[in-house]
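Chains as they are written, first to last, in this note's numbering: chain A, 2 to 458; chain B, 2 to 458.
Here's what the structure looks like:
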C-alpha cells in the first residue's frame, strides 16, 4: 500500500479500434498520468481500405486484420475491452457498455459508419455492403457461388443472371470491386470452367453522379472510367437504382437515367448485387444527440468543434468517419484512413497539452491525396500537386497501402501475396466457406438467407 | 462434325477432392481417352494436416486451401463439379448427386471420414471436432473468446473455467492442438491482458490408451509427453471421458482412469473442450454397403481388395481415409496424407494399365514415417530407420509439410508466415469472426449456439 497520495490518472475511454481510435490510443500510450480504455466489439483492428480484396478472393481476413491486444500490448497504461457501447450519461461521465458501466474523464467516440440504403433497407439482404470481415466473406461467397451455379445452370437466361454482377456506387469501393470482379471473370477464372465462358460475364457499375470517383479530379474520373471499360466493366453514370425485385431468374434491378423530363427506365436481371453507395452514422451518433444534445448532419454524423469536441462537452470528442468536421475548406474532411489517423493523433495530443495546461494547437488536415485501384497495373492517384494514372499509380497505391499497413505484423506477407498475385494472376483465397459453403441444389435459391451482420447475440 | 467414329473416352468419376481424390485426378490428367469428373461439395482442396494451425490462430483458411478448379484448370480432360454425392446405382453405373445424376465407367470414392463421438453425439456441440475450415474457425473463435471472457469475468471459479482447455484424444491432432494452445496461453498472449494472467490457464490432454501418439514408437510417445509437460500441458493417459454436463460455471467433464476394479473418477470444469478422439466413415461408406454390398469395418470404413476396388465391383474403387486396406502388414494402412496420395496415384495408374490391357502391379505402401509437432522447436519424427525429436524434428516437420504443400500457390507465403511466427511468436490470425464475433453480455452464454457443420441447405 502506497502511503503517499499519487494523483489519480486521467481516464480516457476510446470507443472503436478503427484508424482514428487506434491512433488516438497509441498516441496516448505511455503518456504520463493518463490511463486509456479502448472499447471495441471486435477483437481486431481492420484495415478497411483493403476489404474489397478479401471480398474478391485475393487476401485473407487475417492479412488485413490485426488483434488490438497485440498492437497495444506494450502500452501498459492501455486496457483493451471487448464490449459494445450502448448508452452514455455525459453529466455523470459514465459510459454504458453491454456488460458494464465505466466512468471516464474524457470520452473519445470513434465508432464509424455503416451502410446506407437511402430508405430501402429491404435491399440489405439482396445487395450486401462492405464494412466488416463478415460482409467481405459474404460477398466472396456470393461471387464464387455465382460462377459455380452458372457452370451448372442449363437455362440460358438464368445462367446469364448468375454471370451478371451489379455494383451500386461508383466511389472508390465500387470502382475497386468492379475492377477486381472484372479481373476475376476475364482473367483469373477464364480457364477454370468447362460449361461456361466466364468472359461472357456482365459487370455493371452504377453511379448516380455524372462520373465515377466523384470526389476526385474530373481528369482522374475519366481515366478511371476508361480503365474500367478496358477491363470490361460497363460503367453507367447519372443512373439511380429505383427498385430491386426478386424474380425466377434472379433479382431485377430497375435503373433510372436520363433527365427528369425524359427519364430512361431500364432493368437488368442479376444474381449478385453489391452495395457501395452510401454510409450512415453508427448508433453512437444518435446516443450523443439524445444524451449530449450533439447536432448531426443528414446521415447522422456528429458536427464537431474545431478541436473535435462536441458543443458543450469539451471532454467528449468524436473522430473518424463518425465526425463531421467542417472547419477547413469548403467540404467536410473526407472519411478516409489518413484523415482518421490525423484526427486520432490530434485529439490525443490536444488532450495531453490540456492536461499539462499548455495551449492547444489548431487542427490542420494534411490531404495526402486520393488513390483508387482499378485493376492490375491500373490505378489513379491525385496528390494535389500531381495527378497520374496507369502502372506508376498502381505502384503508388501499393506503397501507400503498405505504408499504412505498418502496424501490421503481416505487412511483408501481404506484400508478397500481392507480388505473387501480380505475377501469377491467381487468387488463392477464393474459398466458398461458411453456411452455404457446401454445394447443394438449394444453395443457389437460399443464397440470401445467411445473416450478413454479425449476430448481436 | 467428325465423320470418323472416335472411341468414347472412359469416364472416371472421382468423389472427393482430398489428398487421395485430388492425386488420382491429377494422375489421370492428360491421360489419353480418359475423361474425369471430380465431384466435391466444397470448391477447394484442404490441407488438413495444418488445420490445427488455423484453429489456433497461426494460419488463415486460404493458406491451407487451394481452389480445385485452379489446381486442375490445365487438365482439359478434367471437369470439376461442385455437388454432393448422395446415392449410387452400381448396376446402371450411375452416381446420384444432389443436383443431377452422372453415369460413370469407373467410380473412385474418396469422401473421407468425419468425427466420431462413440455414441455420444450430444457432445458434438460442446466439444467440436476438427475436420473442416468451419470447424477450425469455430475452435479459433472459442479459444479466443475464452480468454476475452476470462478477462471480464470477476467470479474466480468461472474465470478458472474460461481458462481451462480440455483436449480429448492424444493422437497427432490432439497433441498438436494442446501444444499450440499452451504456446498461446504461456507465451503469445502473456502480455496482452490486464486482469488475467494467461499463464494460469490449465491445458489438459486426455488419452484413453497408455501413451500419447499411440501409433508411434513408445520412445517418441515418451518424448512427446515430455515436451508437452515442459510446455505446460497436463497429460493424462489411460483416461476416458465418460460424461460432459453443463453447469453454471462451464461444462463439467467427468474422467475415468485407474483400473476396472479400482476406478478413479474425477471431474474438471472447462469452457473449451476440443474433440480429437475418433473418426467414422463418411456417408458414402453406407451407400456402398447398401447398394454394392461392400463390407465395412467397425467405424464404417470400406474393406477394399488389394487394388482398392470393392469385392464384386472392379470398377468401383475406395481410397483415402474411407478405405480400410488390410493387405500389407499387421494393421490397415494409416489415415494419413502420404497413404492417401499413394493410393490415389496407384488407382489412377492401375486404371490406365487396365484400359491399355496391361497387367496391374501390386500396391506397396511406402511409409514415409510419422511426424508430430508439439510446439516451437519441439517435434517428434519417426522415419522407421531413424527416430528423433527436438529442433531437428521441428525442421523436418516444417520441410515435410512444405513438400506436400507443393500443390499450393501459397507455399512460399505459408513458409514465410511460419518463419515470421517462429521469430516473433506472434499470431496474426487470432480473429474472432462469424456469428458471435461481436462481444456482448450473452456471447459467453450462447457460445454454443453456432452451427458447427456447414449447413446443408
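C-beta: ideal position from N, C-alpha, C; glycine also.
- Item | Minimum C-alpha distance to residue 292 of chain B - residue among B:97, B:90, B:431 | B:90
- Message: Short of 6 angstroms in beta carbon distance, which residues of its chain neighbour residue 289 of chain A, apart from the five on each side in sequence? Order them along the chain.
- Response: 295, 303
- Item | As assigned by DSSP and simplified to three states, the class of residue 366 of chain B | coil
- Helix, strand or coil: how does DSSP classify residue 244 of chain A here? strand
- Query: Taking Cβ-Cβ distances below 7 angstroms as the criterion, which residues of the stretch 135–164 of chain B are in contact with chain A?
  - Reply: 135, 145, 149, 153
- Of all Cβ atoms in chain A, is any one closer than 8 angstroms to the Cβ of residue 63 of chain B? yes
- For residue 271 of chain A, which beta-bridge partners are listed by DSSP? A:252
- In the stretch 26–49 of chain B, which residues sit with their C-beta less than 7 angstroms from some C-beta in chain A, listed in chain order? 42, 43, 44, 45
- Query: Opposite residue 89 of chain A in the DSSP bridges: which residues?
  - Reply: A:96
- Curious, which full-length beta strand (DSSP E) runs of at least 3 residues does the stretch 278–347 of chain B contain? 280–282, 314–319
- Could you check the C-alpha separation between residue 328 of chain B and residue 165 of chain A for me, to the nearest Å? 53 angstroms
- Query: At a Cβ threshold of 8 angstroms, is residue 272 of chain B touching chain A?
  - Reply: no
- Query: Measuring CB to CB, does residue 37 of chain B end up less than 8 angstroms from residue 55 of chain B?
  - Reply: no
- Spatial neighbours of residue 212 of chain A within its chain, please: CB distance less than 6 angstroms, with the 5 preceding and 5 following residues excluded, ordered by chain position. 222, 238
- Query: Are the beta-carbon atoms of residue 273 of chain A and residue 254 of chain A separated by less than 8 angstroms?
  - Reply: no
- Query: Quick one: is residue 96 of chain B near chain A, going by C-beta distance under 8 angstroms?
  - Reply: no
- Item | Separation of residue 151 of chain B from residue 375 of chain B, as counted between CA atoms | 25 angstroms
- Item | chain A contacts made by the stretch 301–326 of chain B, where a contact means CB separation under 9 angstroms | none
- Query: Cα separation between residue 341 of chain B and residue 28 of chain B?
  - Reply: 13 angstroms
- Message: Taking 8 angstroms as the threshold (C-beta atoms), are residue 275 of chain A and residue 204 of chain A in contact?
- Response: no
- Task: For residue 80 of chain A, return the contacting residues in chain D, with the cut-off set at a CB-CB distance below 7 angstroms.
- Result: Among the chains of the structure shown, chain D does not appear; the protein chains present are A and B.
- Coarse secondary structure for residue 55 of chain A, derived from DSSP in three states: helix
- By DSSP, does residue 222 of chain B sit in helix, in strand, or in coil? helix
- Task: Alpha carbon to alpha carbon, how far is residue 314 of chain B from residue 92 of chain B? Give it in angstroms, no decimals.
- Result: 9 angstroms
- Message: Check for me: the beta strand (DSSP E) holding residue 174 of chain B runs from which residue to which?
- Response: Taken as a continuous stretch (DSSP letters only), residue 174 of chain B belongs to no beta strand (DSSP E), being part of the alpha helix (DSSP H) at 173–184.
- Query: In terms of residues, what are the limits of the alpha helix (DSSP H) holding residue 144 of chain A?
  - Reply: 134–153
- Task: Just tell me which of A:115, A:70, A:280 has its CA closest to the CA of residue 23 of chain A.
- Result: A:70
- Message: Assuming residue 372 of chain A and residue 401 of chain A are in contact, meaning their beta carbons sit under 8 angstroms apart, how far apart are those beta carbons, in whole angstroms?
- Response: 6 angstroms
- May I have the straight-line CA-CA distance separating residue 459 of chain A from residue 260 of chain B, to the nearest angstrom? As shown, chain A starts at 2 and ends at 458. That puts residue 459 of chain A outside it, with no answer to give.
- Quick one: what's got a C-beta closer than 6 angstroms to residue 270 of chain B's C-beta in the same chain, skipping five residues either side? 162, 250, 251, 253
- Since I believe residue 324 of chain A is in contact with residue 344 of chain A (beta carbons under 8 angstroms), could you give me their beta-carbon distance rounded to a whole number of angstroms? 7 angstroms
- Task: At 7 angstroms on the CB atoms, spell out the chain A contacts of residue 188 of chain B, in chain order.
- Result: Chain A residues near residue 188 of chain B: none, gap ~12 angstroms exceeds 7 angstroms.
- Query: At a Cβ threshold of 8 angstroms, is residue 125 of chain A touching chain B?
  - Reply: no
- Message: Tell me the rounded alpha-carbon separation between residue 176 of chain A and residue 229 of chain A.
- Response: 8 angstroms
- Query: Taking DSSP as the reference, what is the three-state secondary structure of residue 433 of chain B?
  - Reply: coil
- Helix, strand or coil at residue 237 of chain B [DSSP, three-state]: strand
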